[in-house]
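Take the sequence shown: its position 447, counted from the start at 1, is 447 in full-length UniProt numbering, and no numbers get skipped.
From the three backbone atoms N, C-alpha and C, an ideal C-beta is built for every residue, glycine too.
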Amino acid sequence: MAVQRYSSELGEGLSTQSDEQQHTDEIGREQEYVSMLYRRLDGLRDQAARRLAEELRSDGGTDQARSQRDTVVRMYAEQVEQFSAVEQGLCFGRLDSDDGSRRYIGRIGIFDTGDDYDPLLMDWRAPAARPFYLATAANPQGVRRRRHLRTRDRKVVGLHDETLDLASASPTAHEELTGEASLLAALNASRTGRMRDIVETIQAEQDRVIRADLGGVLVVQGGPGTGKTAVALHRAAYLLYTHRRELSTRGVLLVGPNVTFLRYISQVLPTLAETGVLLRTPGDLFPGVTARRAESAEVAALKGRLVMTEVLANAVQDRQWVPDEPLQIELEQRDRLTLTPETCRAARERASRSGRPHNLARALFDIEIIHALADQEAERIGADPLGGENLLDEADVAEIRRELREEPDVRAVLDQLWPVLTPQRLLADLFADPDRIATAAPMLDADERALLHREPGGWAPSDAPLLDEAAELLGEDDRAAAARRERIRAQAREYAEGVLEIWRGSRSIDVEDEADGGEILGVTDLLDADRLLERQETGDTLTTAERAAADRNWAFGHVIVDEAQELSPMGWRLLMRRCPSRSMTIVGDVAQTGALAGTASWRVALEPYVADRWRLEELTVSYRTPAEIMAVAADVLARIDPGLRPPRSVRSTGVEPVDRTVAPERLAAELVDEALREVTGLGDGRLGVIVPAGRVDELGAAVTGALPEAAVGEHPELESQLVVLTVAQAKGLEFDSVLLVDPDAIVAESPRGDSDLYVALTRATQRLTTLRPLTP
Ligand SMILES: Nc1ncnc2c1ncn2[C@@H]1O[C@H](COP(=O)(O)OP(=O)(O)OP(=O)(O)O)[C@@H](O)[C@H]1O
Numbered sequence: 001m002a003v004q005r006y007s008s009e010l011g012e013g014l015s016t017q018s019d020e021q022q023h024t025d026e027i028g029r030e031q032e033y034v035s036m037l038y039r040r041l042d043g044l045r046d047q048a049a050r051r052l053a054e055e056l057r058s059d060g061g062t063d064q065a066r067s068q069r070d071t072v073v074r075m076y077a078e079q080v081e082q083f084s085a086v087e088q089g090l091c092f093g094r095l096d097s098d099d100g101s102r103r104y105i106g107r108i109g110i111f112d113t114g115d116d117y118d119p120l121l122m123d124w125r126a127p128a129a130r131p132f133y134l135a136t137a138a139n140p141q142g143v144r145r146r147r148h149l150r151t152r153d154r155k156v157v158g159l160h161d162e163t164l165d166l167a168s169a170s171p172t173a174h175e176e177l178t179g180e181a182s183l184l185a186a187l188n189a190s191r192t193g194r195m196r197d198i199v200e201t202i203q204a205e206q207d208r209v210i211r212a213d214l215g216g217v218l219v220v221q222g223g224p225g226t227g228k229t230a231v232a233l234h235r236a237a238y239l240l241y242t243h244r245r246e247l248s249t250r251g252v253l254l255v256g257p258n259v260t261f262l263r264y265i266s267q268v269l270p271t272l273a274e275t276g277v278l279l280r281t282p283g284d285l286f287p288g289v290t291a292r293r294a295e296s297a298e299v300a301a302l303k304g305r306l307v308m309t310e311v312l313a314n315a316v317q318d319r320q321w322v323p324d325e326p327l328q329i330e331l332e333q334r335d336r337l338t339l340t341p342e343t344c345r346a347a348r349e350r351a352s353r354s355g356r357p358h359n360l361a362r363a364l365f366d367i368e369i370i371h372a373l374a375d376q377e378a379e380r381i382g383a384d385p386l387g388g389e390n391l392l393d394e395a396d397v398a399e400i401r402r403e404l405r406e407e408p409d410v411r412a413v414l415d416q417l418w419p420v421l422t423p424q425r426l427l428a429d430l431f432a433d434p435d436r437i438a439t440a441a442p443m444l445d446a447d448e449r450a451l452l453h454r455e456p457g458g459w460a461p462s463d464a465p466l467l468d469e470a471a472e473l474l475g476e477d478d479r480a481a482a483a484r485r486e487r488i489r490a491q492a493r494e495y496a497e498g499v500l501e502i503w504r505g506s507r508s509i510d511v512e513d514e515a516d517g518g519e520i521l522g523v524t525d526l527l528d529a530d531r532l533l534e535r536q537e538t539g540d541t542l543t544t545a546e547r548a549a550a551d552r553n554w555a556f557g558h559v560i561v562d563e564a565q566e567l568s569p570m571g572w573r574l575l576m577r578r579c580p581s582r583s584m585t586i587v588g589d590v591a592q593t594g595a596l597a598g599t600a601s602w603r604v605a606l607e608p609y610v611a612d613r614w615r616l617e618e619l620t621v622s623y624r625t626p627a628e629i630m631a632v633a634a635d636v637l638a639r640i641d642p643g644l645r646p647p648r649s650v651r652s653t654g655v656e657p658v659d660r661t662v663a664p665e666r667l668a669a670e671l672v673d674e675a676l677r678e679v680t681g682l683g684d685g686r687l688g689v690i691v692p693a694g695r696v697d698e699l700g701a702a703v704t705g706a707l708p709e710a711a712v713g714e715h716p717e718l719e720s721q722l723v724v725l726t727v728a729q730a731k732g733l734e735f736d737s738v739l740l741v742d743p744d745a746i747v748a749e750s751p752r753g754d755s756d757l758y759v760a761l762t763r764a765t766q767r768l769t770t771l772r773p774l775t776p
């Protein structure tokens, strides 16, 4: 495959003057086409904004009409948002076919409404765009030439052609890489602290995963930097495009390991014009709870084990109390009633036998107890002084039951015997009380039980699957769900404000379109955020993602899990409940597992849910980590498992990693010096300083003391030029340069230390320096 012409900037790297002229002319022609596409994009966005404005102006009438109108309002608001989000790099490619036809490829599809809806720009996800990613000189798929267009804002600044013709193939080009020059340019670009989409340079093995069938469980295993996260996000966009109807009603959930990671990837889907995917950490998967409490790896590991299902089932049973002695119930204007342990036990058995969850079985328990108490009272007051049959009839006894049901003291006893519980209450009470733990967890040893004990106050990520399990055992509490829906409505207000912001922002871009713009009534002219919100509130206009986030019983159309190797068995259990159809993409690397209860084998993790009905795709090329750094990481990988092979690096930089020893007492000072040196040489790139978790506060303080702009903390700002973080925080992220501090301590502080070190070593796109404290 030949790289015929390549220029990162206008004219650069071209040999002759006529080459240069030809190239400039070509860019000029492409500019005309691209400018036309942007005019169309403006037109589409203005049209959506105009319709949005019209809808907002209309009053609606009946409730139903208003509700429909609100749905339409949201649709147009989303369109305005999406047309704005694809502004950068709208068109990035062109395919010239053997038959002389030509297709432009871009982030969205744009059609010529005046000419039979001919495609002016083809969505990268359309089947006809696929050769852009797959065609090779050996298998050109009818394509003669593939052109990569590089744009900055709305200007075409470079183009790069590949002729798919074996005769003119360059002996130096990699046959297996698509758009090699554009790919390498993207890989060598400075990092920004936010992940970028790879839509312009998706590689063939990645394309296969992205476009794999929707149904079933697909596992994507790949070493560090093989593009698993990128592929997961592009797959979400592809599936939404291809199965829009099904997935827009059921929704797509994407789970990532932590909040910092979700922030890192948050811009990718919007730039692919998809805003409806719900992004969540495992700690957010129980609606209404944001689980961020810190806890030790051992505690998290224990709570991740499946034995917790038994512990929780026991804990629920323990709340169904049978007293040892008879209970006396004193009632005003009535004689005292007595509840014997036998009556309580019989009622408990009946209610349990129903098979209903605890809270739903309470009604049965109440019936049993109230019947027993009413019989007792009826026997007493209806007794025939002459020794005959009881004088009360069935209606009288029913009346007694009704009265007893209203008695506060009777209700208090029922609450004591069989309390209605929220999952939060059950867990908080259990973990706060060693006696409750002892009763619920006889299968654990004393040390393990001690690990579970803690004071109430916030939830850890490992609690989310336990809360979910508890919710299953207890049954739904409708009030909690209603309160959550209310909170989500409040969040819709932020969305409404965001839409208005987009519109304000887009107006300043549209200066060219003044003639048209004059006719359009701006949204802000008509409505403020409050009124927009008010309109949204009149009907159920929450998006699928918002409704799904608030509803524990929501069944997603597709679930994607990134860094899935970190999920515990209890975590898998929760996730499978969210996706009964088992339409899932599981993305991860079992060699990078850091969590003690994490996944070491996909087969073991998935077997309980789908047996062997899952497919495996492997990604084998690392796009991030240069060969020089991968060689160092490979030694660590061999220690983790000699059978594992590292991914093949797509490039080498010629820069060998540096390994420096320093006197232990000089570590902080040397770190600061090294960080200063690296930052100075980085240009606009990013430096990541990865330190042992046990020393992050101390070393972070040393770095911020000298470089106040450095980011450190629970959720460090990744756009800072220098970020100090632990391996757990660095998982899934990348930096131009990495300073790895005290690797031996990183290995020593966790039973999965080698995996942690492997992760740390593979975060750099360009340079790696290790500082190793060593006593001479
Ligand atoms: N086809 C591609 N074109 C351009 N860049 C790519 C491509 N594939 C991957 N990359 C880049 O390589 C880097 C690594 O990708 P990504 O983070 O998705 O890898 P990963 O497999 O999830 O890594 P890890 O296991 O370390 O989390 C990212 O910067 C990504 O943008």
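Applying the 10 Å Cβ sphere with the 16-neighbour rule, what's the burial state of Pro465? As a position in the sequence shown, residue 465 is number 465, starting the count at 1. So Pro465 ends up on the buried side.
Look at the alpha carbon of Glu20 and the alpha carbon of Glu26, and state the distance between them as a whole number of angstroms. Along the sequence shown, one-based indexing puts residue 20 at 20. Along the sequence shown, one-based indexing puts residue 26 at 26. C-alpha separation (whole angstroms): 10 Å.
Could you say which of His453, Arg334, Thr249 and Leu467 lies nearest to Thr290 if we only look at CA atoms? Here residue 290 is taken as the residue at index 290 of the sequence shown, counted from 1. Ranking His453, Arg334, Thr249 and Leu467 by Cα distance to Thr290 puts Leu467 first.
Indicate, with yes or no, if ligand 2 has a heavy atom lying under 7 Å from the CB of Gly288. For ligand 2, the structure offers nothing, since it holds only ligand 1.
Could you pull the DSSP bridge partners for Cys91 from this structure? Numbered from 1 along the sequence shown, position 91 holds the residue referred to as residue 91. Looking at the DSSP assignment, Cys91 forms a beta bridge with Gly106.
Run through DSSP, which three-state label would Gly222 get? As a position in the sequence shown, residue 222 is number 222, starting the count at 1. Gly222: strand per DSSP, three-state reduction.
Unbroken alpha helix (DSSP H) run spanning Leu312, endpoints: In the sequence shown, the residue the question calls residue 312 occupies position 312. Element bounds for Leu312: Val307 to Asp318.
Where are the beta strand (DSSP E) runs, 3 residues long or more, that stay fully inside the stretch 531–596, in chain order? Fully enclosed beta strand (DSSP E) runs of 3 or longer: 558–561 and 584–588.
Considering only C-alpha positions, which residue in the set Arg40, Tyr38, Tyr76 and Leu771 is nearest to Glu55? Along the sequence shown, read from residue 1 onward, the residue named residue 55 stands at position 55. Of the candidates Arg40, Tyr38, Tyr76 and Leu771, the one whose C-alpha sits nearest the C-alpha of Glu55 is Tyr76.
Between the CA atoms of Asp324 and Arg353 - distance to the nearest angstrom: Within the sequence shown, numbered from 1, the residue matching residue 353 stands at position 353. Within the sequence shown, numbered from 1, the residue matching residue 324 stands at position 324. Taking the straight line from one Cα to the other gives about 22 Å.
Under 8 Å, with one C-beta from each stretch per pair, do the stretch 591–605 and the stretch 563–575 reach the 3-pair mark? yes
Euclidean distance between Cα positions of Asp525 and Leu37: For this step, residue 525 is matched to residue 525 along the sequence shown. For this step, residue 37 is matched to residue 37 along the sequence shown. Reliability of the predicted coordinates at Asp525 is poor, the pLDDT of 39 falling under 50, and no value is obtained from them.
Which term fits Lys303, buried or exposed, when burial requires 16 or more other beta carbons within 10 angstroms of its beta carbon? Along the sequence shown, one-based indexing puts residue 303 at 303. Per the 10 Å Cβ criterion, buried.
Output needed for Ile110: all residues of its chain with C-beta closer than 8 Å, excluding positions within five of it in sequence on either side, in chain order. Position 110 of the sequence shown, counted from the first residue, corresponds to residue 110. Counting only Cβ-Cβ distances below 8 Å, and skipping sequence neighbours, we find Leu37, Arg40, Leu41, Leu44, Pro119, Leu120 and Leu121.
If you draw a straight line from the alpha carbon of Glu407 to that of Leu331, how long is it in whole angstroms? Reading the sequence shown from its first residue, position 407 is the one you call residue 407. Reading the sequence shown from its first residue, position 331 is the one you call residue 331. Straight-line Cα distance between these residues: approximately 8 Å.
With Arg150 and Gly158 assumed to form a contact (beta carbons below 8 Å), what rounded beta-carbon distance in angstroms separates them? For the purposes of this step, residue 150 is taken as residue 150 along the sequence shown, with counting starting at 1. For the purposes of this step, residue 158 is taken as residue 158 along the sequence shown, with counting starting at 1. Contact flag correct, Cβ pair sits at about 4 Å.
Nearest-angstrom Cα distance between Glu180 and Glu698? Working through the sequence shown from its first residue, we reach residue 180 at position 180. Working through the sequence shown from its first residue, we reach residue 698 at position 698. When rounded, the distance between both Cα atoms is 44 Å.
Could you check whether the Cβ of Ile198 sits closer than 7 Å to any heavy atom belonging to ligand 1? Counting from 1 along the sequence shown, the entry for residue 198 is found at position 198. Yes.
Helix, strand or coil at Ala728 [DSSP, three-state]: Here residue 728 refers to the residue found at position 728 when the sequence shown is read from its first residue. It is helical.
Taking 7 Å as the cut-off, is the C-beta of Gln592 nearer than that to any heavy atom in ligand 1? Residue numbering aside, residue 592 sits at position 592 when the sequence shown is read from its first letter. Yes, since a heavy atom of ligand 1 falls inside the 7 Å radius drawn around the Cβ of Gln592.
So is Met195 buried or exposed if we call it buried at 16+ other beta carbons inside 10 Å? By one-based count along the sequence shown, residue 195 stands at place 195. In summary, Met195 is buried, with 16 or more beta-carbon neighbours lying within 10 Å of its beta-carbon over all protein chains present.
Exposed or buried, what is Glu342 when buried is set at 16 or more other beta-carbons lying within 10 Å of its beta-carbon? Residue numbering aside, residue 342 sits at position 342 when the sequence shown is read from its first letter. It is exposed - the Cβ of Glu342 has fewer than 16 other Cβ atoms within 10 Å.
Leaving out five residues on either side along the sequence, give the residues of the same chain with a beta carbon under 6 Å from the beta carbon of Gly193. Here residue 193 corresponds to residue number 193 of the sequence shown, with the count starting at 1. Excluding residues within five positions, the ones whose Cβ falls inside 6 Å are Arg686, Leu718 and Glu719.
Am I right that Arg639 and Asp754 are in contact with their C-beta atoms under 8 Å? What's the rounded C-beta distance? Taking the first residue of the sequence shown as 1, we reach residue 639 at position 639. Taking the first residue of the sequence shown as 1, we reach residue 754 at position 754. Their Cβ separation, rounded to whole angstroms, is 5 Å, which keeps Arg639 and Asp754 in contact under 8 Å.
In this structure, how does DSSP classify Gly753 when only helix, strand and coil are distinguished? The sequence position of residue 753 within the sequence shown is 753, counting from 1. It is helical.
Based on Cα-Cα distance, which residue from Ala701, Asp98 and Asp463 lies nearest to Gly293? The sequence position of residue 293 within the sequence shown is 293, counting from 1. With the sequence shown as reference, residue 293 is identified as Arg, and Gly is not the correct amino acid for it. The candidate whose alpha carbon is nearest that of Arg293 is Asp463.
Under 8 Å between C-beta atoms of Leu757 and Phe556: Along the sequence shown, one-based indexing puts residue 757 at 757. Along the sequence shown, one-based indexing puts residue 556 at 556. It is not a contact, given that the beta carbons lie outside the stated cut-off.
Whole-angstrom distance between Arg436 and Leu452, CA atom to CA atom: The count along the sequence shown starts at 1 and reaches residue 452 at position 452. The count along the sequence shown starts at 1 and reaches residue 436 at position 436. Those two C-alpha atoms are separated by around 11 Å.
Entirely enclosed beta strand (DSSP E) segments - the stretch 96–148, minimum 3 residues: 102–106, 110–112 and 118–123
Looking at Arg147: is its Cβ nearer than 8 Å to the Cβ of Asp161? Taking the sequence shown and counting its residues from 1, one reaches residue 147 at position 147. Taking the sequence shown and counting its residues from 1, one reaches residue 161 at position 161. Taking 8 Å as the Cβ cut-off, Arg147 and Asp161 qualify as a contacting pair.
Specify the secondary structure class of Ala711 as computed by DSSP and reduced to three states. Within the sequence shown, numbered from 1, the residue matching residue 711 stands at position 711. Residue state, collapsed to three classes: strand.
Return yes when the C-beta of Arg660 is under 7 Å from any heavy atom of ligand 1, and no when it is not. Counted from its first residue, the sequence shown places residue 660 at position 660. No, Cβ of Arg660 sits at least 7 Å from all heavy atoms of ligand 1.
Give a yes or no on whether the C-beta atoms belonging to Val209 and Glu617 are separated by under 8 Å. Translated into positions along the sequence shown, residue 209 becomes position 209. Translated into positions along the sequence shown, residue 617 becomes position 617. Contact: yes.
What whole-angstrom Cβ distance do Thr136 and Leu164 have, given they're in contact under 8 Å? Taking the first residue of the sequence shown as position 1, residue 136 is located at position 136. Taking the first residue of the sequence shown as position 1, residue 164 is located at position 164. Indeed, because the Cβ distance is near 7 Å, the residues count as touching under 8 Å.
Return yes when the Cβ of Pro282 is within less than 8 Å of the Cβ of Ala550, no when it is not. On the sequence shown, residue 550 is found 550 positions in, with the first residue counted as 1. On the sequence shown, residue 282 is found 282 positions in, with the first residue counted as 1. Their beta carbons are not under 8 Å apart, which means Ala550 does not touch Pro282 by this criterion.
Since Trp602 is in the alpha helix (DSSP H), which residue starts that stretch and which ends it? Counting from 1 along the sequence shown, the entry for residue 602 is found at position 602. Per DSSP, Trp602 belongs to the alpha helix (DSSP H) from Trp602 to Val610.
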